[in-house]
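Here is the structure we will look at.
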Amino acid sequence: MIHTRTLSSASERKMGRDDLYITVPSFFRCPISLDVMTSPVSLCTGVTYDRSSIQRWLDGGNNTCPATMQVLSSTDLVPNLTLQRLIRNWSDSAQPAPLSSPPPLLPDPPLSRDDALALAKSLSSSSCLETSLKRLADFSAESEDNRIFLAKIEGFAEALLHLMSRLDGKLERSVGSLELIVRVFEQVLAKSDNRDKIISLAASQDLRCLSSLQAVVDRGAVESKIASVKILESVAVTEEPKAAIAEIDGFLSRLLELTILETDQNLIESIVSFLIHLAGQKRARIKLLDLGAVKSLSELLAAPRSAVSVTEKALKLVEMISSCREGREALSSYERCIETVLQRAFKVSAVATEHAVTILWGLCCAAEDERTMAVVRRCSGVPRLLVVMQSGCSPAVRRMCGDLLRVFRVSSRSQPCLSNYETKTTHIMPF
């Protein structure tokens, strides 16, 4: 009897599955996720994707259409309203008999400009702040024209800045709203004709928005972290905000940590770009050195899959650090950093080569640092520098390489073990 009931139960489950099986038209599915699209948008190639899937693809630094692999001339996402209506009609007609839980609702249709204007004007008094922000964020993400439209709304950027300063980033429930605010604010700021005025307003408010930006960098999604760092770079235009940012408890150490822990190259590049901006102030450079920036940058330069732009910016930051006495001491005492700088002088880019050679020139020629010279000798730096000179480098790089080779040649005369050192490249010594 038990066996019979078991068979009967299995048969009933199979029948239940068959009853619930629905054939989904292939063009209703997103080519990336293969799920039914809830917010279909089209790229300039004409292929339609679900908004969340294609946005993740573009945020990952890709500039091609996933289906056709064509390079995108524009990353604007155009809502496919016709397909959205077809999916909605199909969903309504194919809906099975009501179950215990209602089916998920399809999202609201995209905002019109009139609706976006109304939401932006009433944002400060909105009773559903997060919903309003989400709709404005989607509207802004759709196209550059939409971002320009929002940037031209009088008082909108100021309202976002006020909300950013008002919300408490220490409260977990505030982080979601703050993420939306910083994403929209960064896009609006980039397109605003009153950019300098808005930045001055942030500074005049004693930079109360900094704690909110720090909260997003700590706990936000990758896209929101990038927006926060870009805002910080925009705000840090004078010595006062640079100093204020450098003194935020634990913030710079967190940024250095993220350059090692994160894998998203866009985020890492935005962080290093901001640190370069900040390191223009000597006090900030010293602070970075105290926090172990040399070690962090060494690990970043040693990472095998770093993007070329990340490597270039990391070398630029090392070059800035080497411009002060404390920085040169920190670099020469950490041999691993000299080794990675020497390695990255080759086969990355002309920009990376120039930064790397400038660092070595400053330490070996200008500062005559013996520890650095010893590392360069041990890592076969002399023949490598000869190769750089023969690689079509810029005149400035060629001159610095020549200076370095002279220094090492003079140094080798006092070391018999080096005077007879021969390689396949010694015949191209420039002197």
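Be aware that the sequence shown starts at 619, since it is given in the numbering used here, and climbs by one per residue. Glycine is no exception: its CB is placed at the ideal position from the N, C-alpha and C atoms.
Check: Applying the criterion that 16 or more other CB atoms from any shown protein chain within 10 Å of the CB defines a buried residue, is Leu652 buried or exposed?; Outcome: exposed
Check: Does Pro922 pass the burial test, meaning 16 or more other C-beta atoms within 10 Å, or should it be called exposed?; Outcome: exposed
Check: From Phe767, Leu785 and Gly1020, pick the residue whose C-alpha is nearest to that of Ser1050; which is it?; Outcome: In the structure displayed, the chain extends from 619 to 1049; residue 1050 sits before or after that span and is not available.
Check: Give me the DSSP bridge partner(s) of Arg647.; Outcome: Val654
Check: Would you kindly work out how many angstroms separate the C-alpha atoms of Arg753 and Ala821, rounded to a whole number?; Outcome: 28 angstroms
Check: Expressed to the nearest angstrom, what Euclidean distance is found between the alpha-carbon atoms of Thr877 and Thr958?; Outcome: 16 angstroms
Check: Output the boundary residues of the beta strand (DSSP E) element that contains Thr856.; Outcome: Note, Thr856: premise wrong, no beta strand (DSSP E); not H, not E.
Check: Please report the distance separating the alpha-carbon of Cys746 from that of Arg837.; Outcome: 22 angstroms
Check: By DSSP, does Asp668 sit in helix, in strand, or in coil?; Outcome: strand
Check: Comparing alpha-carbon positions, which option in Leu701, Gly679, Glu772 and Lys965 lies nearest Thr881?; Outcome: Gly679
Check: From Leu735 to Phe774, what does the alpha carbon distance come to, in whole angstroms?; Outcome: 9 angstroms
Check: Please go through the region 917 to 958 and give each complete alpha helix (DSSP H) segment of 4 or more residues, from N-terminal end onward.; Outcome: 926 to 939 and 943 to 950
Check: Suppose you measure from the CA of Ser924 to the CA of Leu885; what does that come to, to the nearest Å?; Outcome: 12 angstroms
Check: Note down the Cα distance separating Arg954 from Leu695, rounded to an integer number of angstroms.; Outcome: 45 angstroms
Check: Going by DSSP in three states, Ser660 sits in which element: helix, strand or coil?; Outcome: strand
Check: Which complete alpha helix (DSSP H) runs does the region 719 to 784 hold, if anything under 4 residues is left out?; Outcome: 731 to 739, 747 to 760, 762 to 769 and 774 to 784
Check: Look up Pro697 in the DSSP assignment and say whether it is helix, strand or coil.; Outcome: strand
Check: Taking a contact to mean a Cβ-Cβ separation below 8 angstroms, would you say Cys796 touches Met782 in this structure?; Outcome: Per the sequence presented here, residue 796 reads as Leu, with Cys not at that position. Contact flag set, yes.
Check: How long is the line joining the alpha carbons of Met655 and Ser730, rounded to whole angstroms?; Outcome: 21 angstroms
Check: Here's the rule: buried if 16 or more other CB atoms are within 10 angstroms of the residue's CB, otherwise exposed. What is Asn764?; Outcome: buried
Check: Comparing C-alpha positions only, which one of Ile977, Leu981 and Glu972 sits nearest to Gly1010?; Outcome: Glu972
Check: In this structure, how does DSSP classify Thr682 when only helix, strand and coil are distinguished?; Outcome: strand
Check: Within 10 angstroms of its Cβ, does Asp811 collect 16 or more other Cβ (buried), or is it exposed?; Outcome: exposed
Check: Count the other C-beta atoms from every protein chain shown that fall within 10 angstroms of the C-beta of Ala715, then say buried if there are 16 or more, exposed otherwise.; Outcome: Reliability of the predicted coordinates at Ala715 is poor, the pLDDT of 47 falling under 50, and the value obtained from them is presented with this limitation in mind. Counting Cβ neighbours within 10 Å, Ala715 comes out exposed, since fewer than 16 surround it.
Check: Leaving out five residues on either side along the sequence, give the residues of the same chain with a beta carbon under 8 angstroms from the beta carbon of Trp708.; Outcome: Pro643 and Phe646
Check: In or out: Met687 buried (at least 16 other Cβ within 10 Å) or exposed?; Outcome: exposed
Check: Less than 6 angstroms between C-beta atoms, sequence neighbours within five positions excluded: which residues of the same chain meet that for Val1025?; Outcome: Cys982 and Cys983
Check: Within its chain, find whatever has a CB closer than 7 angstroms to the CB of Trp979; leave out the 5 residues flanking it on each side and keep chain order.; Outcome: Met1018, Asp1021 and Leu1022
Check: Could you check which residue in Glu917, Gly664 and Ser671 has the C-alpha nearest to that of Ile956?; Outcome: Glu917
Check: Check for me: the alpha helix (DSSP H) holding Val689 runs from which residue to which?; Outcome: It is not in any alpha helix (DSSP H) - Val689 carries neither H nor E in the DSSP assignment.
Check: Considering Cα atoms alone, identify which of Lys739, Asp677 and Phe869 is closest to Ser829.; Outcome: Phe869
Check: Would Glu762 pass as a contact of Leu798 if the rule is Cβ separation under 8 angstroms?; Outcome: no
Check: Any idea if Thr700 is buried or exposed, counting beta-carbon neighbours within 10 angstroms, 16 or more meaning buried?; Outcome: exposed
Check: Quick one: residues in its chain with C-beta nearer than 8 angstroms to the C-beta of Arg826, no 5 flanking neighbours on either side, listed in chain order?; Outcome: Ser783
Check: Could you compute how far the alpha carbon of Ala974 sits from the alpha carbon of Arg943?; Outcome: 18 angstroms
Check: Phe892 and Glu865 - do their beta-carbons sit closer together than 8 angstroms?; Outcome: no
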